[in-house]
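One structure below.
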């Protein structure tokens, strides 16, 4: 039989601390990525909600019909915000962008009044905007509906590509996280293999041996999750100090959901890995442990 | 007629796929002290492992303290082990807790609930092995002889009918070995505990003579009057 003396005895103290640190680090990594994904989504939504549609009002239309058009726009479900631009406001905007004032040459203002509105993010794509355009086709008060088609196409293209890359990275990192946590815990349990075997030698049942270790695993998983959450919150605050614009992207619901997932993932992987390892050593013969 | 504690009939002892001992016939009565001798690798430990359920008995018949070894599975093994005390060469104490907690673990694992009774039992067995004041020590703070005493104290906790000792003096100096042997003989005498002890330490056997079973060339030779070489 192999010999192990005092050195072995000291080494075999359960290495819970390192397991917690290891699991916390990988959960932190996953949380960091989750936060980036959440921000990227919000950023994409912000960009989409800046897509503007201009509904030009037909010339010489009665104020009543103009008001009816504004009323019509405000009632549309896809409109996030709108603004009525009078002919005078259109002139000011025209001049404001550095153009010569045509009123010195012309008798009357040729610029039409318009209702400018921004669509909700889910409508900011070519298909939906075509339908939006069609929505105004029968309206006698409307002269023309315009939006920047190229911008919308490009925007959606970029958002789709970034989402796809983030998805691939997230899946990759999630798999790496699960493997790393499993490995860390199995390593910690490997150092407990003789302890488990000794417990078995004195007549303890498998359940009796596994129960406290499983309980410990659940607690350690939760602690790791909380430590990782602490780290993520620190990173969020630090980056918001550095780039205050990020604060606008903060989504409490999604962040809370992510934190819950982190804790649950920590508990779940920690429990499964520990239980599997304990069971493995319980099934092994004494001689196979050396 | 004396109660039979260990009985093997035409048993073949395997270690993995290898047949280690063939046609083993052995009967050990209550209160007997029996040496199991033989060179390293002749099957002493394999035989003991079969008796405490770490190796399955595939061929032949066998019973230990009333448990049929052929019917052993992972669910029954813990209950067989509660009827035995196993003493190891390398002590195999739980290295993450002190002596008291080592002993209490065994009690809790074997169904004890009352803390006061457990404390009394722990104090009792530590007293029996002469370590009454050392319960607070961690295993690695103790000498080899002390750890072996704790191992024996642990084996005594559930008042077993049988103690299986796998080279318990193998890691100890001669003086400490003698103390451990005296302790084992005293336990056998005072409590009627059957003890089977694997050893190749002929100095110990000469000094503390008892029945001897020898493993040799895949066979077991049971001869109480065997002369010591």
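Protein chains in written order, with the working numbering: chain A, 811 to 1100; chain B, 21 to 249.
Here a beta-carbon is modelled for each residue, glycine too, at the ideal position from N, C-alpha and C.
Compute the beta-carbon to beta-carbon distance between residue i and residue j, rounded to the nearest angstrom, for a pair I have assumed lies under 8 Å.
{"i": "residue 969 of chain A", "j": "residue 832 of chain A", "result": "With a Cβ gap of about 35 Å, residue 969 of chain A and residue 832 of chain A do not count as contacting."}
{"i": "residue 92 of chain B", "j": "residue 104 of chain B", "result": "Not a contact, Cβ separation roughly 13 Å."}
{"i": "residue 867 of chain A", "j": "residue 923 of chain A", "result": "4 Å"}
{"i": "residue 830 of chain A", "j": "residue 1030 of chain A", "result": "5 Å"}
{"i": "residue 46 of chain B", "j": "residue 233 of chain B", "result": "7 Å"}
{"i": "residue 176 of chain B", "j": "residue 148 of chain B", "result": "6 Å"}
{"i": "residue 189 of chain B", "j": "residue 58 of chain B", "result": "Actually they do not touch by this definition, with Cβ atoms about 16 Å apart."}
{"i": "residue 1092 of chain A", "j": "residue 848 of chain A", "result": "Between residue 848 of chain A and residue 1092 of chain A the Cβ distance is about 42 Å, and since that is not below 8 Å, they are no contact."}
{"i": "residue 1038 of chain A", "j": "residue 841 of chain A", "result": "5 Å"}
{"i": "residue 946 of chain A", "j": "residue 921 of chain A", "result": "No, residue 946 of chain A and residue 921 of chain A are not in contact; Cβ-Cβ is about 19 Å, not under 8 Å."}
{"i": "residue 879 of chain A", "j": "residue 925 of chain A", "result": "6 Å"}
{"i": "residue 863 of chain A", "j": "residue 955 of chain A", "result": "7 Å"}
{"i": "residue 146 of chain B", "j": "residue 168 of chain B", "result": "About 13 Å separates the two Cβ atoms, so there is no contact after all."}
{"i": "residue 26 of chain B", "j": "residue 182 of chain B", "result": "7 Å"}
Return the residue from the list the options that minimises the CA-CA distance to residue i.
{"i": "residue 225 of chain B", "options": "B:45, B:43, B:175, B:56", "result": "B:56"}
{"i": "residue 959 of chain A", "options": "A:1041, A:1037, A:951, A:943", "result": "A:943"}
{"i": "residue 965 of chain A", "options": "A:851, A:844, A:1087", "result": "A:851"}
{"i": "residue 881 of chain A", "options": "A:894, A:907, A:1075, A:1076", "result": "A:894"}
{"i": "residue 861 of chain A", "options": "A:888, A:878, A:874, A:870", "result": "A:888"}
{"i": "residue 238 of chain B", "options": "B:107, B:30, B:22", "result": "B:30"}
{"i": "residue 929 of chain A", "options": "A:963, A:946, A:891", "result": "A:891"}
{"i": "residue 1094 of chain A", "options": "A:910, A:950, A:1010, A:842", "result": "A:1010"}
{"i": "residue 22 of chain B", "options": "B:212, B:236, B:241, B:242", "result": "B:212"}
{"i": "residue 835 of chain A", "options": "A:988, A:1064, A:1055", "result": "A:988"}
{"i": "residue 839 of chain A", "options": "A:864, A:979, A:1059", "result": "A:979"}
{"i": "residue 75 of chain B", "options": "B:24, B:63, B:86", "result": "B:63"}
{"i": "residue 98 of chain B", "options": "A:1098, A:1018, A:863, A:1044", "result": "A:1018"}
{"i": "residue 180 of chain B", "options": "B:86, B:193, B:40, B:39", "result": "B:86"}
{"i": "residue 185 of chain B", "options": "B:164, B:26, B:41, B:204", "result": "B:204"}
{"i": "residue 991 of chain A", "options": "A:972, A:1083, A:909, A:859", "result": "A:1083"}
{"i": "residue 857 of chain A", "options": "A:907, A:933, A:884, A:846", "result": "A:933"}
{"i": "residue 108 of chain B", "options": "B:126, B:230, B:218", "result": "B:218"}
{"i": "residue 896 of chain A", "options": "A:877, A:1023, A:907", "result": "A:877"}
{"i": "residue 61 of chain B", "options": "B:41, B:77, B:80, B:79", "result": "B:41"}
{"i": "residue 195 of chain B", "options": "B:165, B:28, B:172, B:102", "result": "B:165"}
{"i": "residue 1077 of chain A", "options": "A:837, A:1028, A:1040", "result": "A:1028"}
{"i": "residue 1079 of chain A", "options": "A:1053, A:963, A:984, A:1047", "result": "A:984"}
{"i": "residue 1062 of chain A", "options": "A:1004, A:1075, A:957, A:1046", "result": "A:1046"}
{"i": "residue 178 of chain B", "options": "B:127, B:216, B:162", "result": "B:127"}
{"i": "residue 837 of chain A", "options": "A:967, A:986, A:1050", "result": "A:986"}
{"i": "residue 1067 of chain A", "options": "A:1051, A:1055, A:1035", "result": "A:1035"}
Tell me the residue span of the beta strand (DSSP E) that contains residue i.
{"i": "residue 1055 of chain A", "result": "Segment: none, residue 1055 of chain A is in no beta strand (DSSP E) and carries neither H nor E."}
{"i": "residue 864 of chain A", "result": "862-867"}
{"i": "residue 221 of chain B", "result": "Premise fails: residue 221 of chain B is in no beta strand (DSSP E) and is neither H nor E."}
{"i": "residue 160 of chain B", "result": "Careful: residue 160 of chain B lies outside any beta strand (DSSP E) and carries neither H nor E."}
{"i": "residue 32 of chain B", "result": "24-35"}
{"i": "residue 42 of chain B", "result": "38-49"}
{"i": "residue 242 of chain B", "result": "239-242"}
{"i": "residue 232 of chain B", "result": "231-236"}
{"i": "residue 826 of chain A", "result": "Segment 826-858 is the alpha helix (DSSP H) holding residue 826 of chain A; no beta strand (DSSP E) there."}
{"i": "residue 890 of chain A", "result": "889-895"}
{"i": "residue 57 of chain B", "result": "53-57"}
Can you name the start and end residues of the alpha helix (DSSP H) that residue i belongs to?
{"i": "residue 187 of chain B", "result": "Premise fails: residue 187 of chain B is in no alpha helix (DSSP H) and is neither H nor E."}
{"i": "residue 1072 of chain A", "result": "1062-1093"}
{"i": "residue 961 of chain A", "result": "959-1000"}
{"i": "residue 882 of chain A", "result": "873-885"}
{"i": "residue 228 of chain B", "result": "First-last for residue 228 of chain B: undefined, no H or E at that position."}
{"i": "residue 1012 of chain A", "result": "That residue, residue 1012 of chain A, is in no alpha helix (DSSP H); it is neither H nor E in DSSP."}
{"i": "residue 203 of chain B", "result": "194-211"}
{"i": "residue 1096 of chain A", "result": "That residue, residue 1096 of chain A, is in no alpha helix (DSSP H); it is neither H nor E in DSSP."}
{"i": "residue 67 of chain B", "result": "64-71"}
{"i": "residue 910 of chain A", "result": "It is not in any alpha helix (DSSP H) - residue 910 of chain A carries neither H nor E in the DSSP assignment."}
{"i": "residue 139 of chain B", "result": "135-148"}
- Enumerated in chain order, which unbroken segments of the alpha helix (DSSP H) with a length of 4 residues or greater are wholly contained in the region 78-124 of chain B? 97-101
- Inter-stretch contact at 8 Å, needing at least 3 Cβ pairs: the region 134-142 of chain B / the region 101-112 of chain B: no
- Task: Evaluate the contact criterion for the region 1069-1086 of chain A versus the region 41-51 of chain B: three or more CB pairs, one atom per stretch, below 8 Å.
- Result: no
- Query: When the Cβ atoms of the region 33-48 of chain B are set against those of the region 66-77 of chain B, are three or more pairs found closer than 8 Å?
  - Reply: yes
- Count the C-beta pairs between the region 991-1001 of chain A and the region 1079-1096 of chain A that are closer than 8 Å, then say yes if the count reaches three, no if not. yes
- Task: Take every Cβ of the region 127-140 of chain B, pair it with every Cβ of the region 202-215 of chain B, and state whether three or more of those distances are shorter than 8 Å.
- Result: no
- Query: So, do the region 114-126 of chain B and the region 143-162 of chain B have three or more beta carbon pairs nearer to each other than 8 Å?
  - Reply: yes
- Secondary structure, beta strand (DSSP E): runs of 3+ residues fully inside the region 920-949 of chain A: 924-929
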